[in-house]
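Residue numbers (this note's numbering): -15 to 508.
Each residue gets a CB set at the ideal place from its N, CA and C atoms; glycine is no exception.
Keep in mind the model is a prediction, meaning the values are calculated, not measured.
Remarks on the structure that follows.
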C-alpha cells in the first residue's frame, strides 16, 4: 500500500459516516430511515474502496477497487433517490421492486467492468506514477459512460424533488432542503468535474471529500433541522390540499406542523406557532389530559372565534406512531361542523317545539314535567290545562289562516301570564298546557288561572277583524309520588269539569271529579 494525501479525506469520511450511521440507526424506523442508512453505508463502501484504489499498487487491485467503488456509486444514487422520494411524499417510488429495477442496468455495467472490462465499459487501462503516487488511468466506453449518466440522472431527479417540495413547504422544511441539496449535488458535481479532467486525476477523486461534506450537511440537518424527525421536508399533497385542518404535535405537545386549512382555521401561520404549546393555540385543555398509552382516536368538540365568527369544530385526536409502533407525537384533525351543529339544533328544536306557535310541544312538556317530579320539589309542582272556547267558530267563519294567527296570539298572551321559569306548551289543537315552577300554595296556582282567563277574554285583532273567544282552565297541584301521567290525567279531569260548568272558568282537581273519568268526552 502507498500513502497519499487522499487518505485523509477518505479516513475522515469514514469517521463521520460511522458517527452518522450510529445516530441514524436510532431513527431507522422513521419515514426514510432505512434508505438514509443505505446511503450512509454506500458512502462508507465508496470511501473504503477509494482508500484501496489510492493505496493499491497492482493493476488487478486497483481495477477491483474501482469496480467496488462503482457499485457503491450506484447504491448511493439509488438510496439517495429512495430517501428523497420517501421524504417528499413519493414513497410509492421507493418500494423494493422499484429500487431493484432502478439498480439493474448500472449494476450490470459494473459487473461487466469487474469480469471483462473490454472496450465497452473501460479502455486504455493502465497504472501510471504521478507525483510519486501510482494512479489508475482509463477511458470510459459507451456502456461505462451510460452507467455514469444514469446515476447522475437519479441524483438530478432527487435534487428536483427536494426543490419542488421545499417550494411548497413552510420555512422549517425549506431549511431542511438546503443541507439535503448539498448532500445530493456536491458529490455528483465534483465527480462530474473530475471525470471531465477539470479537477484532479481519476484515481485521486475529490468526490470522497465531497461526500464527507455531504455527510456533515446531513448531520446538521438531523441535529438542527429535525431531518427524519416527526415530519419530513415536504408534506404529501393530500396534507396540503385537505379541507380539514391538520395540526401535528411533537411528544411535548408543541406544534410542529400545520396544513393551510389549519392556518385559516386558527388565523395563525406556521411561522407564528411553530414550537408553541398546542393547548394555548387551540384554547382547550383536552390536549393535556391525553396520554400516549391511549392509542384510540378520540373526538372532542371545540369552538373557535367570537361573535358571528364563532365556528364549531370536531377535533379528532390520535397518537402518531412510527414504523416501530413507538409514540412520536399527536395528530389533530379539525373538521368544521358549524352547519351540521346548526342543523342538529334546528332538528332538535323542531322535534320538541310546535312549528306554529314556537311553544314546546306535548313531548317536551311531558319530559319537563317528568324532570320536575323527579326533583325534591315534586309536591310544589302545578299543571294547568287551557282549552279555548269558541275557537271552532273562528275557523269556520274566518278560515284556517285566521285560526292559525289566533293560536299564535293566544300563545303570546299565555307566555305573558307566566314567569320565565314556567313552561308553556301547545298540547294539541286548541289546547295548551302550563307547568308552573315550584309554588308554595294552591292559591298561587289559582291566581295564574284567573290571569289566563282574563287575558284570553280580551278581544283579539286578527287580519283586521276583532275576535272574541274565551277559555276553560283545569289545574292540579302536585303531590308526593306523583308521576306525569297522574298529574296530566287529573288536570284533564279538572278541564272537563270546567267545560261542563259552562266554560269561561277555572276548576281545580279534587277526588270528587273521578266519576267524570268514565263520562263522555268533554264539551267543545
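Give me the Cβ distance between residue i and residue j, rounded to the nearest whole Å; I'm assuming they're in contact under 8 Å.
i           : j           : result
residue 133 : residue 146 : That pair is no contact at about 20 Å.
residue 299 : residue 316 : 6 Å
residue 167 : residue 139 : Not quite, the Cβ-Cβ distance comes to about 10 Å (not below 8 Å), so this is no contact.
residue 295 : residue 267 : With a Cβ gap of about 13 Å, residue 295 and residue 267 do not count as contacting.
residue 227 : residue 245 : 6 Å
residue 340 : residue 388 : 6 Å
residue 70  : residue 78  : 5 Å
residue 235 : residue 311 : 7 Å
residue 455 : residue 432 : Not really, about 13 Å apart at Cβ, beyond 8 Å.
residue 52  : residue 29  : 7 Å
residue 364 : residue 442 : At roughly 30 Å, the Cβ-Cβ gap does not stay under 8 Å, so residue 364 and residue 442 are not in contact.
residue 93  : residue 56  : Contact doesn't hold; Cβ gap of about 14 Å is too wide.
residue 178 : residue 191 : 6 Å
Using the rule of at least 16 other Cβ atoms within 10 Å of the residue's Cβ for burial, across every protein chain shown, is residue i buried or exposed?
i           : result
residue 61  : buried
residue 255 : exposed
residue 480 : buried
residue 497 : buried
residue 198 : buried
residue 292 : exposed
residue -1  : exposed
residue 381 : exposed
residue 333 : exposed
residue 347 : exposed
residue 44  : exposed
residue 354 : exposed
residue 6   : exposed
residue 450 : exposed
residue 34  : buried
residue -8  : exposed
residue 469 : exposed
residue 206 : buried
residue 509 : No statement about residue 509 is possible, as the shown extent of the chain runs from -15 to 508 and does not include it.
residue 46  : buried
residue 175 : buried
residue 180 : exposed
residue 240 : buried
residue 327 : exposed
residue 464 : exposed
residue 331 : exposed
residue 218 : Residue confidence is low: residue 218 scores 48 on pLDDT, short of 50, so the model does not pin down where it sits. Its coordinate-derived value is still stated next. Buried, by the Cβ-count rule.
If we call anything under 9 Å between Cβ atoms a contact, is residue i one with residue j?
i           : j           : result
residue 398 : residue 349 : no
residue 252 : residue 314 : no
residue 374 : residue 452 : yes
residue 196 : residue 54  : no
residue 410 : residue 338 : yes
residue 408 : residue 395 : yes
residue 482 : residue 457 : yes
residue 368 : residue 462 : no
residue 492 : residue 478 : yes
residue 9   : residue 21  : yes
residue 65  : residue 91  : no
residue 265 : residue 286 : no
residue 67  : residue 131 : no
residue 259 : residue 231 : no
residue 48  : residue 36  : yes
residue 390 : residue 444 : yes
residue 440 : residue 490 : no
residue 304 : residue 271 : no
residue 229 : residue 319 : yes
residue 144 : residue 170 : no
residue 428 : residue 371 : no
residue 149 : residue 161 : yes
residue 515 : residue 385 : Here the chain has residues from -15 to 508 only, and residue 515 is not among them.
My parser needs the alpha helix (DSSP H) runs of 4 or more residues fully inside the region 376 to 455; what are they?
As far as the region 376 to 455 is concerned, its whole alpha helix (DSSP H) runs of at least 4 residues are 384 to 400, 426 to 441.
Residue ranges of each beta strand (DSSP E) within the region 230 to 263, 3 or longer
DSSP runs (the beta strand (DSSP E)) wholly in the region 230 to 263: 239 to 242.
To test your reading of the DSSP string, which unbroken beta strand (DSSP E) runs of 3 or more residues are found completely within the region 20 to 72?
With a minimum length of 3 residues, no continuous beta strand (DSSP E) run stays inside the region 20 to 72.
In chain order, which continuous runs of the beta strand (DSSP E) of length 3 or greater are located wholly inside the region 469 to 508?
Qualifying beta strand (DSSP E) stretches, in chain order: 490 to 492.
List, from N- to C-terminal side, the alpha helix (DSSP H) runs of 4 residues or more that fit wholly inside the region 285 to 363.
Every alpha helix (DSSP H) stretch that sits fully inside the region 285 to 363 and reaches 4 residues is listed by chain position as 322 to 336, 346 to 357.
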